[in-house]
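Enquirer:
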Amino acid sequence: MALPNGPVTTSSEAEAVLFDLVDVYDRAYEAAAAELSLSPAQACVLGRLDERRGMGALAEELGCDASNITQIVARLEALGLVTREPNPQDRRARLLTRTPRGDEINHRFATAFTFARTAVGRLSPDEQDQLTALLRKALG
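The structure is reproduced here in structure tokens:
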């Protein structure tokens, strides 16, 4: 996962704090994944499989090349965390499903990755509402 490691020129204090937030979030995500011997990409893919999904749709959602998903899924499959099966509507395509062990690891990751819950928990309910509105506005 690419992390900003050097000075980043920002146009405002708000932009600088946003960069700091993203950096700390990424480091916490990476650490939670490492606790379970997963890469951040593996944890991300595993977390997106709450229901059976096509590999192509997953690649599109994550904004990456299908070959990247294939490599990540191959490692998750080797760990016994996901299965690939033919799509009944298109035998050339594969559907992904988490295994029971994959469900367990995903739950452990969700429990270990506390950054967002902890950060938001420092805010009052009114501040949380304000933050939500501001972030939605910033996201367009």
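By the count of our numbering, the sequence shown reaches residue 141 at its end, each step adding exactly one.
Note that the Cβ used here is the ideal one computed from N, Cα and C, for glycine as well.
Which stretch, first to last residue, makes up the beta strand (DSSP E) that contains Arg53?
Expert: Here Arg53 belongs to no beta strand (DSSP E), and DSSP marks it neither H nor E.
Enquirer: Contact between the segment 111–128 and the segment 54–66 is defined here as three or more beta-carbon pairs at a separation below 8 Å; is this criterion met?
Expert: No, the segment 111–128 does not touch the segment 54–66.
Enquirer: According to DSSP, what are the bridge partners of Val83?
Expert: The partner list for Val83 (beta bridge, DSSP) reads Arg99.
Enquirer: When you compare the segment 70–80 with the segment 37–50, are there three or more beta-carbon pairs, one atom per stretch, that lie closer than 8 Å?
Expert: The segment 70–80 vs the segment 37–50: in contact.
Enquirer: Taking all protein chains shown into account, do 16 or more other C-beta atoms lie within 10 angstroms of the C-beta of Ala67, making it buried, or fewer, making it exposed?
Expert: Classification for Ala67: exposed.
Enquirer: For Ala94, which residues of its own chain have a beta-carbon under 8 Å away from its beta-carbon, when the five flanking residues on both sides are left out?
Expert: Gly55, Met56, Gly57, Pro87 and Asn88.
Enquirer: Can you say whether Leu132 is buried or exposed, counting buried as having 16 or more other CB atoms within 10 angstroms of its CB?
Expert: Flag for Leu132 reads exposed.
Enquirer: Report the rounded CA-to-CA distance for Asp24 versus Ala117, giving the unit in angstroms.
Expert: Going by the C-alpha atoms only, they are around 13 Å apart.
Enquirer: Would you call Arg137 buried or exposed, if buried means 16 or more other Cβ atoms sit within 10 Å of its Cβ?
Expert: Per the 10 Å Cβ criterion, exposed.
Enquirer: For my contact list, Leu82 and Arg102 are in at a C-beta cut-off of 8 Å; report their separation, rounded to the angstrom.
Expert: Confirmed, about 6 Å.
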